[in-house]
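Chemist: Residue numbers (our numbering), protein chains in the order written: chain A, 1 to 313; chain B, 314 to 626. All residues carry an ideal CB built from backbone N, CA and C; glycine is no exception. No experiment lies behind these values; they were computed from the predicted model shown.
1) For chain B, find out if any of its Cβ atoms is closer than 8 angstroms to the Cβ of residue 130 of chain A; answer yes or no.
2) Helix or strand or just coil, what does DSSP make of residue 68 of chain A?
3) Given this structure, state the Cα-to-Cα distance separating residue 567 of chain B from residue 574 of chain B, to the nearest angstrom.
4) For chain A, check one thing: does any of its Cβ atoms lie closer than 8 angstroms to the Cβ of residue 376 of chain B?
5) Pick helix, strand or coil for residue 319 of chain A, following the three-state DSSP scheme.
6) Which residues, in chain order, does the segment 194 to 219 of chain A contribute to contact with chain B at a C-beta distance below 7 angstroms?
7) Take every Cβ of the segment 457 to 465 of chain B, pair it with every Cβ of the segment 536 to 556 of chain B, and state whether three or more of those distances are shorter than 8 angstroms.
8) For a minimum of 3 consecutive residues, which ranges assigned as the beta strand (DSSP E) are wholly contained in the segment 200 to 261 of chain A?
9) Could you confirm whether any beta carbon from chain B is found closer than 8 angstroms to the beta carbon of residue 255 of chain A?
10) For residue 91 of chain A, which three-state DSSP category applies?
11) Pull out every residue of the segment 122 to 154 of chain A whose Cβ sits closer than 8 angstroms to any Cβ of chain B, in chain order.
12) Is it buried or exposed, residue 428 of chain B, if we count other Cβ atoms within 10 angstroms and call 16 or more buried?
13) Assuming residue 6 of chain A is part of the beta strand (DSSP E), what are its boundary residues?
14) Can you name the residues that DSSP bridges to residue 275 of chain A?
15) Can you name, in chain order, every residue of its own chain whose Cβ lies under 6 angstroms from the Cβ of residue 164 of chain A, other than the five neighbours on each side?
16) Do residue 385 of chain B and residue 420 of chain B come within 8 angstroms of each other at the CB atom, strictly closer than that value?
17) Against chain B, does residue 189 of chain A count as a neighbour if the rule is that its beta carbon must be under 8 angstroms from one of theirs?
18) Check each residue of the segment 338 to 358 of chain B: if its Cβ is closer than 8 angstroms to any Cβ of chain A, include it; give the result in chain order.
19) Return the chain-ordered list of same chain residues with a C-beta closer than 7 angstroms to the C-beta of residue 256 of chain A, the five sequence neighbours on each side being excluded.
20) Measuring alpha carbon to alpha carbon, tell me which of A:189, A:172, A:217 ends up nearest residue 207 of chain A.
21) Determine whether the Cβ of residue 558 of chain B lies closer than 8 angstroms to any Cβ atom of chain A.
22) Can you find the residues in the same chain that come closer than 7 angstroms, C-beta to C-beta, to residue 572 of chain B, ignoring five residues on each side of it along the sequence?
23) For chain B, check one thing: does any of its Cβ atoms lie closer than 8 angstroms to the Cβ of residue 66 of chain A?
24) Does any residue of chain B have a CB that is nearer than 8 angstroms to the CB of residue 179 of chain A?
25) When you compare each of B:365, B:396, B:402, B:442 to residue 593 of chain B by their alpha carbons, which one comes out closest?
26) Can you tell me the Cα-Cα spacing of residue 348 of chain B and residue 502 of chain B, whole angstroms?
27) Can you check whether the C-beta of residue 582 of chain B is within less than 8 angstroms of a C-beta belonging to chain A?
28) Per DSSP, residue 350 of chain B is paired with what?
29) Could you tell me which chain B residues have their CB closer than 8 angstroms to the CB of residue 236 of chain A, listed as they occur along the chain?
30) Please list, in chain order, all residues of the same chain as residue 137 of chain A whose beta carbon is under 7 angstroms from its beta carbon, the five residues on each side excluded.
31) Tell me whether residue 178 of chain A sits in a helix, a strand or coil according to DSSP, three-state version.
32) So residue 422 of chain B packs on residue 582 of chain B, CB below 8 angstroms; how close in whole Å?
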């Protein structure tokens, strides 16, 4: 198994990324290799000072970088030799099993859509977030930022994809799928959410349990929580700020500790024909290490192959 | 000053409401009276067992009740003798200075729109929530649930109303107004939020400081945070669930403690020609008492008169 990592993406790239990759390299399971993508000379300079098993780390040169603030579509098409461009090329050619980046999320979405492409008729692949639960587990929330505006049909796609992901990745039979809303009743909420409720209710591919509200998020009422990327993004960032606040104040708690973005390390883009994980721009080495292990678990679970199969029927 | 309280509205009405009113009645400032609205016989039954200064509590009979699940517009027009209907009648006739209810929020919105009416050309009065800050203060977030779908123009109205409210109620000169978004850059976010950003940028009535994100909510970067009622509602309910969780786990912290809905007790509907406060359906006596004191402070500040004046110019 080969996990590709974009060394140039992220606020603290390339140093934090290489450091995280090295921590991971020292703990990799048998048969897993990392493929670091970036400017070779820079990677070598950083790696020179570090200890890691050389057989577990390959390097692939990429001369260009897509910066955090660049226009995703334009940058992706104009910079085929960027670390993100090269990563998607390797992924598409199946030279690597997964591609991870803490860089320009928009460019990662563009690569997902136009290089590896979506499964079936999926219109808008969501970014899925791992929402920590009081009981120690996670719910999958999607979307958490890729799609700020969603049609009801797109929310229904998220529901199906989330159901498949939790089934094959978390091993949950018949996952409970809920719609995030501002009331329990089906006529509550925005026009889009009301229409989505009706689509989810009649969708036979999912086990729809109805609406959940902001107060239910950590209760584990649902395995999958469907929402537009706008509210999903606000929820995750608010959770992170709780963790930061608690850490500042010396509050230690198992639920709050898992609101730290570093713990899951990244978020998969799902509904595409490949394993793509994106991470926070501010990612620390610890976060990068955890993103790599998330990618390994995802590849091992074959969740992406299962999702592709489900849409081929 | 007279503060009217709907005794019949709320999950634990009438008992919790009367109990909260009695706690308040025992602490009222000079010259403030409560006007309890509900079925007289029920109110008398509960009050009989309680100690309170009789001169500070009046009762007004209302034979009907708008239930929590009823269709707001239909119920409001078909039940003029409901406690909510009677409350708005008293408010419109200026027999009371404020009207508070933990009952059907939709019916409270309908009463606000069609009885006391909006100021100026305001289309959609928001419900404003008090978001606790790390520094001990509050930001005003609006809307937190009345308007799940908002046009950009409506978000601009929220910005103006929030600015006026914090100026006259919190005493902040030139309040900082921010737009909740999923990135700092103005081209981020949903179509509506992007358009709203442009409207806020050119609005000379407010001090617009740009976007804030989910991670900034408790930092006090802005005095006013503008958002659609969907996301605003999710944020407040998520905050409440944090408080509940922390309370369960014995975590005591000044910020988290103020995420308890009971502390502010209620949320004003603003942009209307009267003082209307709505509260959580689950309101406890403590919450009701605090809602009454919120109403008293709001009446004392004359914020509603100031807002009306601003729109008459």
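Modeler: Once the coordinates are examined:
1) Cβ-Cβ to chain B under 8 angstroms: no for residue 130 of chain A.
2) coil
3) 14 angstroms
4) With respect to chain A, the C-beta atom of residue 376 of chain B has no partner C-beta closer than 8 angstroms.
5) This structure does not reach residue 319 of chain A, given that chain A is present from 1 up to 313, and the question cannot be answered.
6) 213, 214, 215, 217, 218
7) The segment 457 to 465 of chain B vs the segment 536 to 556 of chain B: in contact.
8) Counting only runs of 3 or more, we get 207 to 212, 224 to 226.
9) yes
10) helix
11) 134, 145, 148, 149
12) By the neighbour-count criterion, in which a residue is buried when 16 or more other Cβ atoms sit within 10 angstroms of its Cβ, residue 428 of chain B is buried.
13) Looking at the DSSP string, the run of the beta strand (DSSP E) that includes residue 6 of chain A is 2 to 6.
14) Answer is A:98, bridged to residue 275 of chain A.
15) 307, 310
16) yes
17) yes
18) none
19) 242, 243, 246
20) A:172
21) The C-beta of residue 558 of chain B comes closer than 8 angstroms to at least one C-beta of chain A.
22) Cβ neighbours of residue 572 of chain B beyond the five flanking positions: 445, 552, 553, 555, 556.
23) no
24) no
25) B:442
26) 45 angstroms
27) no
28) B:319, B:373
29) One finds 527 in chain B with Cβ atoms closer than 8 angstroms to the Cβ of residue 236 of chain A, taken in chain order.
30) Closer than 7 angstroms at the Cβ level, and outside the excluded window around residue 137 of chain A, lie 220.
31) strand
32) Confirmed, Cβ separation roughly 7 angstroms.
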